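Residue numbers (our numbering): 25 to 315. Ideal placement from N, C-alpha and C gives every residue a C-beta, glycine not left out. Predicted model only: the values in this text are computed from it and were never measured.
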């Protein structure tokens, strides 16, 4: 792991985002973390380094929220997540890096689409649902194993329940503590986490700790309604929504206008003709053109 300027612009922000997420704030922000780290290292190495950091962070967060969680929700979600993790471990070797990045993009679209199009009354509390909870948990376990991106399917189930802010955060933290501990022996078995990667994890853990502290400070000052808006990537008035995704690397040689048009065409398939008429802006970053 070479430490240079690019390292500080990619790996450090990625780890800080994971730390903030471990405080329970804006877990889907970490969708960008793995792609950031793969700029300077292979995907398997990035995943192996991140996992021990997540577990260390989990232990800190669990202690803070040890009395604030929903046990019934955990009893539903953890066993199904374990199923997803096992599926991920058995199929991981068949996935290419581009496909795994595509999975991250799909998670982002599903998360924003669920909030914007399927929750008409976004402040109304949903009831617990065994089927939805089971499906979301299996997907969370699978995507968490493959790309550490289980936060989105977890949020799809937990956020509509409109738990008290502290209970939501605590439940989420305990859930991912179990998930990451289940993943650890499987990562070791696949040689993704080893002594060398553990050393790198130890070096980077203070960065994650900084993210945790930032998240805790923000949680204390954010109102509950704004807390849910922030996780769902909306403005305070719930009138502005954002989607984030990743494009196939082959499009890097095309013009920005061409890529923009392709993205809008894909969004139209999901959201209809209103996409062309109502979208505000298109922003992009071509990673392989960065210095």
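According to DSSP, is residue i part of a helix, a strand, or is it coil?
{"i": "residue 43", "result": "helix"}
{"i": "residue 64", "result": "coil"}
{"i": "residue 216", "result": "coil"}
{"i": "residue 187", "result": "coil"}
{"i": "residue 120", "result": "coil"}
{"i": "residue 224", "result": "helix"}
{"i": "residue 150", "result": "coil"}
{"i": "residue 196", "result": "helix"}
{"i": "residue 105", "result": "helix"}
{"i": "residue 240", "result": "helix"}
{"i": "residue 173", "result": "coil"}
{"i": "residue 279", "result": "coil"}
{"i": "residue 262", "result": "Residue placement at residue 262 cannot be trusted, given a pLDDT of 49 that sits under 50; what the coordinates show is reported in the next sentence. Residue 262 falls in the coil class under three-state DSSP."}
{"i": "residue 211", "result": "helix"}
{"i": "residue 91", "result": "coil"}
{"i": "residue 142", "result": "A caution first: residue 142 carries a pLDDT of 48, below 50, which makes its placement in the model unreliable, though a value can still be read off. In this structure, residue 142 counts as helix in the three-state DSSP scheme."}
{"i": "residue 113", "result": "helix"}
{"i": "residue 307", "result": "coil"}
{"i": "residue 159", "result": "helix"}
{"i": "residue 204", "result": "helix"}
When we look at the beta-carbon of residue i and count the other beta-carbons within 10 Å, is it buried (16 or more) or exposed?
{"i": "residue 174", "result": "buried"}
{"i": "residue 125", "result": "buried"}
{"i": "residue 221", "result": "buried"}
{"i": "residue 204", "result": "buried"}
{"i": "residue 96", "result": "exposed"}
{"i": "residue 288", "result": "exposed"}
{"i": "residue 32", "result": "exposed"}
{"i": "residue 261", "result": "For residue 261, the predicted structure reports a pLDDT of 49, less than 50, and the residue's modelled location is therefore unreliable. The matter cannot be settled from this model."}
{"i": "residue 179", "result": "buried"}
{"i": "residue 117", "result": "exposed"}
{"i": "residue 226", "result": "exposed"}
{"i": "residue 89", "result": "buried"}
{"i": "residue 215", "result": "exposed"}
{"i": "residue 154", "result": "exposed"}
{"i": "residue 87", "result": "exposed"}
{"i": "residue 182", "result": "buried"}
{"i": "residue 276", "result": "exposed"}
{"i": "residue 195", "result": "buried"}
{"i": "residue 217", "result": "buried"}
Closest by CA to residue i, which one among the options?
{"i": "residue 60", "options": "77, 287 and 41", "result": "41"}
{"i": "residue 188", "options": "30, 31 and 93", "result": "93"}
{"i": "residue 192", "options": "47, 277, 36 and 288", "result": "47"}
{"i": "residue 207", "options": "194, 242, 73 and 63", "result": "73"}
{"i": "residue 103", "options": "200, 122, 44 and 31", "result": "200"}
{"i": "residue 170", "options": "285, 120 and 279", "result": "120"}
{"i": "residue 34", "options": "277, 228, 307 and 212", "result": "228"}
{"i": "residue 212", "options": "183, 224 and 76", "result": "76"}
{"i": "residue 166", "options": "107, 101 and 306", "result": "107"}
{"i": "residue 112", "options": "197, 164 and 44", "result": "164"}
{"i": "residue 336", "options": "305, 168 and 181", "result": "Absent from the structure is residue 336, since the part of the chain shown begins at 25 and ends at 315."}
{"i": "residue 177", "options": "157, 195, 194 and 190", "result": "157"}
{"i": "residue 233", "options": "39, 29 and 30", "result": "39"}
{"i": "residue 237", "options": "29, 28 and 44", "result": "44"}
{"i": "residue 78", "options": "235, 114 and 195", "result": "235"}
{"i": "residue 101", "options": "161, 210, 123 and 127", "result": "161"}
{"i": "residue 308", "options": "286, 239 and 280", "result": "280"}
{"i": "residue 109", "options": "123, 210 and 98", "result": "210"}
{"i": "residue 69", "options": "219, 239 and 282", "result": "219"}
{"i": "residue 56", "options": "282, 98, 129 and 152", "result": "129"}
{"i": "residue 152", "options": "127, 98 and 223", "result": "98"}
{"i": "residue 65", "options": "278, 224, 115 and 239", "result": "224"}
Measure how close the beta-carbons of residue i and residue j come, nearest whole angstrom, since I'm counting them as under 8 Å.
{"i": "residue 58", "j": "residue 231", "result": "Wrong, their Cβ atoms sit about 15 Å apart, outside the cutoff."}
{"i": "residue 185", "j": "residue 149", "result": "7 Å"}
{"i": "residue 172", "j": "residue 67", "result": "In fact, because the Cβ distance is near 11 Å, the residues do not count as touching under 8 Å."}
{"i": "residue 63", "j": "residue 30", "result": "7 Å"}
{"i": "residue 82", "j": "residue 159", "result": "Contact doesn't hold; Cβ gap of about 24 Å is too wide."}
{"i": "residue 306", "j": "residue 284", "result": "5 Å"}
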